[in-house]
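Report on the following structure.
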Amino acid sequence: MTDIKLHGFWYSPFTLRVKWTLKLKGIPYENIEEDRYNKSAQLLQYNPVYKRTPVLVHDGKPLCESMIIVEYIDEIWPQNPLLPTHSYHKALARFWVKYADDTFSAVASLVRSSNGEEQEKAIEKIWEHLKVVEDQCFGDGKNVFGGDTINIVDIAFGPLITLLVVLEDALGVKILDDEKFPHLHSWYNNFKDVPIIKENLPDQDKMVAFIKVFREKLIASS
Amino acid sequence: MASCKEETTLLGVVGSPFLHRVQIALKLKGIEYKYLEDDLNNKSDLLLKYNPVQKMIPVLVHNEKPISESLVIVEYIDDTWKQNPILPSHPYQRALARFWAKFIDDKCVIAAAKFVLMVDEKEKEKASEELSEALKFLENELKDKYFAGEDIGFVDIAAVFLPMLQDVAEFQLITSEKFPKLFKWSKDFYNHPVVKEIMPSKDQLFVYFKARAQSLATQKKN
């Protein structure tokens with residue numbers, strides 16, 4: 001019997017990437033909710049480099065960094081595959097997975113923004129990234145995001161967009177403008193309704209409340 | 001499957017550690033390719049066409065299909081040509097290799113570049129501390145002659161910029177007192193026949209890094 005534990009935060013988009021992957025493949029696991037202000041000794045032992053979640057522990061062996069964990073799961077459990085088989089399409093997928101991580105940095109700036117100017121600057125940066133995705137990933141013959149089935153790029157970007165929707169609510173701003181980003185908007189609308197995703201989306205109101213408190217704490221400590 | 005020179009093209013700028021990562025991988029596999037030198041101050045139409053997202057080298061074009069992001073390219077090379085594997089075969093070891101390569105990109109490359117390229121003493125000091133912290137983890141991770149064992153692999157290739165910067169920096173990044181294993185690794189890696197063959201001269205490296213430093217200084221002014 002294989003033993004899988006996921007150390008994570010219920011609100012973290014990075015934990016969500018791994019959670020969705022496990023659920024999609026029907027892999028049973030034990031969820032271990034960590035407290036970011038009081039991390040378990042085990043977490044610090046499993047991830048001494050970054051001291052953060054998510055950490056997947058498979059038969060006692062820890063792995064860190066969400067998308068590395070996702071690829072690992074995809075390699076060991078091939079049902080509902082996330083990565084394409086063709087090496088070129090794999091490379092394209094990995095490129096966009098990296099781009100999703102780069103985009104997260106811009107989102108982090110927005111989360112940390114303590115005044116109007118910082119907020120505007122952060123949103124501009126996010127828009128720049130979203131525009132690239134909008135222009136490059138959709139259109140004739142481009143199959144970067146999943147069509148009928150979820151793929152690794154969906155997993156990489158999904159929680160990012162989910163977080164943006166929460167931030168829109170929490171900050172009272174519009175980020176994922178459907179006029180600016182029609183394809184992305186349409187993709188996300190479909191994606192969040194896929195049963196596995198829908199059943200495993202953190203509660204919007206809970207997330208908004210959490211983000212507000214999180215931001216207050218961050219801004220107060222800086 | 002042998003590849004003809006016409007089928008594989010590599011766009012780069014001599015001296016770029018990211019380019020040299022890819023060249024090491026191609027050389028390890030015995031792949032012939034056409035090399036095209038670009039100019040970062042006057043980017044070619046070809047580069048802008050093949051990498052519209054970041055407009056950066058290296059770009060590998062294989063059978064007219066472009067791939068960007070040095071580590072994505074190295075994985076593509078490993079997926080496409082099976083001889084002399086670069087990544088481990090076991091999924092867990094593979095995930096670990098990816099983790100350390102990502103760590104190098106996220107924590108070491110930028111700090112090292114700042115340390116070497118920046119002029120401001122305070123910024124240099126800060127970068128030096130960041131890099132030192134990161135190198136401690138790498139030092140600890142090195143258990144054999146190379147990160148991959150008896151011969152070079154993915155993580156060694158990712159870390160190529162370290163011995164390169166050692167060569168051009170005014171003073172050593174890695175001292176034998178502070179990082180004895182990395183110090184030895186750096187020499188062994190630089191003397192590896194494949195690495196030796198593709199690495200440009202010290203003068204060429206100097207020209208490249210000087211141009212990067214100037215470009216950074218100009219960016220800061222704007």
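Top to bottom, those sequences are chains A and B.
Read in order, the letters of the first sequence correspond to residues 1 to 222 in the UniProt record's numbering.
Read in order, the letters of the second sequence correspond to residues 1 to 222 in the UniProt record's numbering.
C-beta atoms are modelled at their ideal positions from N, C-alpha and C, and glycine is treated no differently.
- The Cβ atoms of K202/B and D156/B do not sit closer than 7 angstroms to each other.
- S186/A is bridged by DSSP to nothing; it lacks a bridge partner.
- Put simply, of G15/B, E121/B, P66/B and K136/B the residue whose alpha carbon is nearest the alpha carbon of L40/B is G15/B.
- The beta carbons of L48/B and L11/B sit no closer together than 7 angstroms.
- If you check the CB distance, D188/B and K145/B come in under 7 angstroms.
- The three-state secondary structure of L36/B, taken from DSSP, is strand.
- Contact check for G26/A and K19/A: beta-carbon distance about 13 angstroms, past the 8 angstroms limit, so the pair fails to qualify.
- Per DSSP, the beta-bridge partners of E33/A are G8/A.
- The residues F9, in chain order, have a CB closer than 7 angstroms to that of R36/A in the same chain once the five nearest residues on each side in sequence are set aside.
- Y88/A sits in a helix when the DSSP states are folded into three classes.
- For M56/B, the closest alpha carbon among the candidates V13/B, K34/B and P85/B is that of V13/B.
- Excluding residues up to 5 positions away in sequence, N80, I150 and I196 lie with their Cβ nearer than 7 angstroms to the Cβ of L24/A in the same chain.
- Under the three-state reduction of DSSP output, L11/B falls in the strand class.
- Shown here for K29/B: same chain residues with a beta carbon closer than 7 angstroms to its own, the five before and five after excluded, namely I77, W81, Q83 and N84 in chain order.
- If you ignore the 5 residues before and after M207/A, its C-beta comes within less than 7 angstroms of the C-beta of Y11 and V166, all in its own chain and listed in chain order.
- When secondary structure is reduced to three states using DSSP, G149/B falls in the strand class.
- DSSP, read as helix, strand or coil, puts I150/A in coil.
- Per DSSP, the continuous beta strand (DSSP E) segment holding I67/B begins and ends at K65 to S68.
- Just so you know, the alpha carbons of E34/A and T15/A end up roughly 11 angstroms apart.
- Cβ atoms of F99/B and I68/A come within 8 angstroms of each other, at about 5 angstroms.
- For V194/A, there are no C-beta contacts with chain B under 7 angstroms, since the nearest C-beta of that chain is about 26 angstroms from it.
- Boundaries for H62/B: no alpha helix (DSSP H) harbours it, while the beta strand (DSSP E) harbouring it runs V59 to H62, taken from the DSSP string.
- Interface with chain B (7 angstroms Cβ-Cβ cutoff): S87/A is included.
- Per the Cβ contact rule, the segment 106-118 of chain B is in contact with the segment 127-137 of chain B (3 or more Cβ pairs under 8 angstroms).
- If you check the CB distance, T9/B and K43/B do not come in under 7 angstroms.
- Between H90/B and the set E118/A, I73/A, V213/A and G172/A, the nearest pair of CA atoms involves I73/A.
- Taking 7 angstroms as the cut-off between beta carbons, the residues of the segment 121-150 of chain A near chain B are V132 and Q136, in sequence order.
- Scanning chain B for C-beta atoms nearer than 8 angstroms to the C-beta of A91/A yields I67, V72, I73, E75, Y76 and D79, reported in chain order.
- In the structure shown, L63/A adopts extended strand secondary structure according to DSSP, grouped into three states.
- Proximity of the segment 180-198 of chain A to the segment 129-148 of chain A meets the contact definition, three or more beta-carbon pairs being nearer than 8 angstroms.
- Partner residues in the beta bridge of V57/A, as assigned by DSSP, are K5/A and P62/A.
- Buried is the label assigned to N51/B, since at least 16 other Cβ atoms lie within 10 Å of its Cβ.
- Taking a C-beta cut-off of 7 angstroms against chain A, the contacting residues of the segment 85-115 of chain B are P91, Y92, A95, R98, F99, K102 and F103, listed in chain order.
- If you draw a straight line from the Cα of I104/B to the Cα of G172/A, it is about 38 angstroms long.
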